[in-house]
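Worksheet: one structure, shown below.
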Amino acid sequence: RGALSPALPSAGVLPPGAMVVVSPLQRLDLLRAHVVASIDQPFKRVFIANRGEIACRIHRAAKALGMETVGVFTEEDKDSLHRKVLDRALPLPKGPTPVAPYLDAEMLAAMASDAGCEAVHPGYGFLAES
Numbered sequence: 796r797g798a799l800s801p802a803l804p805s806a807g808v809l810p811p812g813a814m815v816v817v818s819p820l821q822r823l824d825l826l827r828a829h830v831v832a833s834i835d836q837p838f839k840r841v842f843i844a845n846r847g848e849i850a851c852r853i854h855r856a857a858k859a860l861g862m863e864t865v866g867v868f869t870e871e872d873k874d875s876l877h878r879k880v881l882d883r884a885l886p887l888p889k890g891p892t893p894v895a896p897y898l899d900a901e902m903l904a905a906m907a908s909d910a911g912c913e914a915v916h917p918g919y920g921f922l923a924e925s
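With this note's numbering applied, the sequence shown corresponds to residues 796 to 925, in that order.
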């Protein structure tokens, strides 16, 4: 069902104070576009050095800000959701444990640099606590 919503600048040229009927998803898209258009982005590509739900949440936030996401996965995580939602997913080499490759800060920094990332988000745990 549609709802009356104040017209946002991205909605087109409308008289001041105009109201338009939009669905909740359309309103979310309009708000997202308005937020992205009003932000001076410090970078365009972020490297997500985490896995699972944490990586998915970071990806969603980055996409809402108009950023491209690059992340990593191990063989054990090859079917995980975070690998599927990332704009680009890079395989990690096998480690002594399934999570060990996520703790190799030097390797992850090199991967981020090679992928052209301008920032690294450590997520929660792993690098964030090292």
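The beta-carbon is built from N, C-alpha and C at its ideal position, and this holds for glycine as well.
Strand pairing of residue i, partner residues [DSSP]
i	result
Pro886	Phe868
Arg766	The chain is shown only over 796 to 925; residue 766 falls outside these bounds and no answer can be derived.
His916	Ile843
Where residue i falls: helix, strand or coil (DSSP)
i	result
Arg827	helix
Val894	coil
With 16 other Cβ atoms within 10 Å as the buried cut-off, status of residue i
i	result
Ala844	buried
Asp874	exposed
Thr892	exposed
Gly918	buried
Leu887	buried
Gly866	buried
Arg796	With a pLDDT of 45 at Arg796, under the threshold of 50, the modelled position of this residue cannot be trusted; read the value that follows with caution. Classification for Arg796: exposed.
Arg855	exposed
Asp872	buried
Element boundaries [alpha helix (DSSP H), containing residue i]
i	result
Ala907	Ala900 to Asp909
Arg878	Leu876 to Val880
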